[in-house]
Amino acid sequence: ALDGLVFRRLRYEVEEEQLNREAEAISSEYKQLKEELKDARESDKAKINASIEKLKNKARTASDHLKKKMDDTKSQFDAKVNATKDQMKNAGERRKVKLQKRIDALTAEHHARNAKLKQAAKLVSEAFESRKKEEAPVA
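Using our numbering, the letters of the sequence shown map in sequence onto residues -7 to 131.
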């Protein structure tokens, strides 16, 4: 037997951290490509622009995945809360207090998860919104 530590995390926590890392990577890669484009020769600009387009597609995919994940999280949260509220209808006072604590915990967890996902979505969208502003013609 090896002497090691095992850190266990819930599957959704790992997925959300991965999505966050991907969003950060997309954002930083976009910033890097934008800087390269400023200093690039004309012959290299087409290649860099092609890389930016590929990154945009990757960002769209990540953004769609994040939106789906947020929708899934919301529907799971609603289902759990509704099931708990149904249990509260027939519960005694002590049980109602416990169930209300459960609802409060679910709400806090949902807000934390949603905040992480929104942060990741914001990172992806901010990078490409700044490009749209730069490309907009100045009147």
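Note that CB positions come from ideal geometry on N, CA and C, so glycine has one too.
Query raised in the report: For the alpha helix (DSSP H) that contains residue 12, what are its first and last residues?
Result: Secondary structure note for residue 12: its alpha helix (DSSP H) is the uninterrupted segment 3 to 31.
Report task. Run the CB neighbour count on residue 19, radius 10 Å, all protein chains shown included, and call it buried at 16 or more, exposed below. Result -> Residue 19 is buried by the Cβ-count criterion.
Query raised in the report: Would the beta-carbon of residue 113 fall within 8 Å of that of residue 55?
Result: It is a contact, given that the beta carbons lie within the stated cut-off.
Requested in this report: With a 10 Å radius around its C-beta and 16 neighbouring C-beta atoms as the bar for buried, classify residue 30 as buried or exposed.
Outcome: Counting the other CB atoms within 10 Å of its CB gives residue 30 a total below 16, which places it among the exposed residues.
Report task. Give a yes or no on whether the C-beta atoms belonging to residue 21 and residue 47 are separated by under 8 Å. Result -> For residue 21 and residue 47, yes; Cβs fall inside 8 Å.
Query raised in the report: With burial defined as no fewer than 16 other Cβ atoms inside 10 Å of the residue's Cβ, what is the status of residue 115: buried or exposed?
Result: Buried, because 16 or more other Cβ atoms sit within 10 Å of the Cβ of residue 115.
Report task. State the Cα-Cα distance for the pair residue 104 and residue 97, rounded to the nearest angstrom. Result -> Distance between the alpha carbons of residue 104 and residue 97 is about 11 Å.
Query raised in the report: Contact check, residue 77 vs residue 11 under 8 Å by CB: the rounded distance?
Result: With a contact defined as Cβ atoms closer than 8 Å, residue 77 and residue 11 miss out at about 30 Å.
Query - Where the alpha helix (DSSP H) through residue 69 begins and ends - result: Its alpha helix (DSSP H) spans residues 34 to 81.
Query - Among 75, 106, 7, nearest to residue 91 - alpha-carbon criterion - result: When 75, 106, 7 are compared, the shortest CA-CA separation from residue 91 is found for 75.
Query raised in the report: Do you know how far the Cα of residue 80 is from the Cα of residue 100?
Result: If you draw a straight line from the Cα of residue 100 to the Cα of residue 80, it is about 19 Å long.
Report task. Check whether the Cβ atoms of residue 138 and residue 15 lie closer than 8 Å to each other. Result -> Missing from the structure shown is residue 138; the chain here goes from -7 to 131 and no further.
Requested in this report: Kindly indicate which three-state DSSP category residue -3 falls into: helix, strand or coil?
Outcome: Reduced to three states, the DSSP call for residue -3 is coil.
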